[in-house]
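Residues in the sequence shown are numbered consecutively from 148, following the numbering used here.
Encoded as structure tokens, the structure appears first; notes follow it.
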Amino acid sequence: MAILIVVNNPNDWPLDIPGVDVVSARSYLIETQYSDMRGAKVFNLCRSYRYQSFGYYVSLLAAARGHKPLPSITTIQDLKLQTMIRLASDDLNDLIQSSLSRTHSGTFELSIYFGRNLAKKYDRLSLALFNLFPAPLLRAKFEYKPDGDGAGRSGSAGNIREDSGGAWELKTLQPIPASEVPPDHWLFVLYAANVYFIGRGPAKNKPQPVRYDLAILYNEQEESSPSNAGAIKKFVKAAKEVGFSPEVIGKDDYGRIAEFDALFIRETTSVNHYTYRFSRRAAAEGLVVIDDPVSIVRCTNKVYLAELLYRHEIKAPRTMIVHQGNMDEVPLWVGFPCVLKIPDSAFSKGVVKAVGPRDLREYLDSMLEKSDLVIAQEWLPSDFDWRVGVFNGKVLFTCKYHMVRGHWQIVGSENGEKQFGKVETMPVEAAPRRVVQIALKTANLIGNGLYGVDLKQVGGKVYVMEVNDNPNIDSGYEDRALKGELYRVIMQTMMDRVVASRTIAGGK
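Below, the structure is given as structure tokens:
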């Protein structure tokens, strides 16, 4: 995949980086070798990004060609909005204050080159701003605002602060052209660019044929990761086999999302978590995303699921949406024992069993401090739950998740250590047909993403317990029946979606 640095005049970029071509904006816009180029990464360092300027059209036409511009048109527009700058200042307030706490002047200017600053102590702040507004070269200006009646001095370059209170604010954040990089910064720019282009993977040799780039978001330190390290290796292998160039990324790579064609999230998702922000940005940038933001919102809230199952007459345990005004009705409508769930609970966290009125009151008082609504469900004891994996409207795998010995859940704890019940995987055709049919019907109500539907068989009836986005796919467990084919099917489906989206867009 070609990497292009686009400038008004190639003399504006005096550096030579292996595997990176420097071209003029005019050449990029009008020459057929660039308009016909497939899958280029375009780093737009033009002198201006104002509306209808060369810089504006470089990013605009790059997107139309199926290239990956940095900055994107969305970032260019966001950087023009003072409201977006204020939001960034608020979101990063703690980091701004800690990073600039030893700065004694009333103003501070921060140069950000490919997410880095010359002074390593500002790297975290530089990366955070780059992640919010991905542009190769940025300049941020901060101003110190004193507390109270404004004692002390701030706001003018060179002033020395005399107050001990107050806070720093981000006043402006602007992309800068290559022509405005100070001469004594170029050596560092070369280093930062090399790290970005070569050290992190975009410019290194890749197996052929490679058509598209896939990011796999994964945190090997996560305690309850949806995929173990072995599964991630198998996903990477399968991705290469279907034509992807895969790269495992982490939360600090938020600003690089636009470099990829697809994002596969293999971390536990939550709306109030960076996984959701990754998903939202990837979808906005036109990437194929698993898990997509709509699925995350729908699956991570059990209030939504309870209403959905009720409306579509899908059997579930007796369920009640509890709030401060109706909590006394739980014994009447649900009975004891009952299971109480925080709406966004996962991996048995935020899930408790109340065996009587005292338990119920104690648990609900605590839970309703965290959420205005809580789910109460009848307890359906069973030795195992069915887990049915569904992707793109098709059933991929079926498992029995057995309860932890002597416990009522599939995840338990003893002496501070987590315990998991046995996982029994079987071919789809070996699972009860009714279980598979109901799971597929339920998953299709959520979307066409990757889901794990949990069900119970009790007394000849099948109950849907919940639908999970980001379901577990661990090496040695969910893949026991299909083995490597499970990973290949998922990667091939993502590849098919990328190809379809690029064909519709008239891109690659």
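We put the CB at the ideal spot given by N, CA and C, even for glycine.
Being a predicted model, the structure only gives us computed values, none of them experimental.
Scanning Ser200, Met612, Val389 for the CA closest to the CA of Asp643 turns up Val389. Counting only the Cα atoms, Leu629 lies some 19 Å from Val582. The beta carbon of Val205 sits closer than 8 Å to the beta carbons of Val153, Ala172, Tyr175, Leu176, Val189, Asn191, Cys193, Pro216 from its chain, once the five residues preceding and following it are set aside; these are given in chain order. Each of Ala340, Trp160, Val169 was checked against the Cα of Pro330, and the nearest Cα belongs to Trp160. The criterion of a C-beta distance shorter than 8 Å is not satisfied by Phe391 and Leu434. In this structure Asn448 is buried. Its beta-carbon is surrounded by 16 or more other beta-carbon atoms within 10 angstroms. When the Cα atoms are used, Val342 and Asp399 turn out to be separated by approximately 14 Å.
Under the DSSP definition of a beta bridge, Leu361 partners with Pro393, Ala409.
The residues Ala409, Val435, in chain order, have a CB closer than 6 Å to that of Met641 in the same chain once the five nearest residues on each side in sequence are set aside.
A contact is defined here as three or more CB-CB pairs under 8 Å, and the region 524-536 meets this definition with respect to the region 604-618. In the displayed model, Ile150 falls within a strand according to three-state DSSP.
Buried is the label assigned to Asn615, since at least 16 other Cβ atoms lie within 10 Å of its Cβ.
About 5 Å separates the beta carbons of Ile443 and Tyr423, which is inside the 8 Å limit, making them a contact pair. Taking a cut-off of 8 Å for Cβ pairs, the region 272-290 and the region 250-264 touch, as three or more such pairs fall below it. As for any alpha helix (DSSP H) of minimum length 4 sitting wholly inside the region 468-503, the runs are 477-480, ordered along the chain.
Under the rule that a run must span 3 or more residues, the beta strand (DSSP E) segments found entirely inside the region 511-585 read 521-525, 531-538, 541-549, 558-561, 564-567, 570-573. For Glu454, the uninterrupted alpha helix (DSSP H) run begins and ends at 449-458, by DSSP. For Val499, the closest of Lys488, Met148, Pro324 by C-alpha to C-alpha distance is Lys488.
Beta-bridge partners assigned by DSSP to Trp315: Tyr291. For Thr319, same chain residues with a beta-carbon under 6 Å away, outside a window of 5 residues either side, are Lys288 in chain order.
With a 10 Å radius around the Cβ and a threshold of 16 neighbouring Cβ atoms, Ser182 comes out exposed.
Secondary structure of Phe425 (DSSP, three-state): helix. In chain order, Leu410, Ile412, Thr416, Val436, Asp438, Asp439, Pro440, Ile443 place their CB closer than 8 Å to the CB of Ser426, counting only its own chain and leaving out the 5 sequence neighbours on each side. Taking every protein chain shown into account, the CB of Ala647 has fewer than 16 other CB atoms within 10 angstroms, so this residue is exposed.
Shown here, Asp616 sits in a strand according to DSSP, grouped into three states.
The C-beta distance from Ala386 to Met638 rounds to 5 Å, short enough to meet the 8 Å contact threshold.
Secondary structure at Ser171: strand, using DSSP grouped into helix, strand and coil. Here DSSP, grouped into helix, strand and coil, assigns Asp270 to helix. Between the beta-carbon of Leu597 and that of Leu455 there is about 18 Å, and that puts the pair past the 8 Å contact cut.
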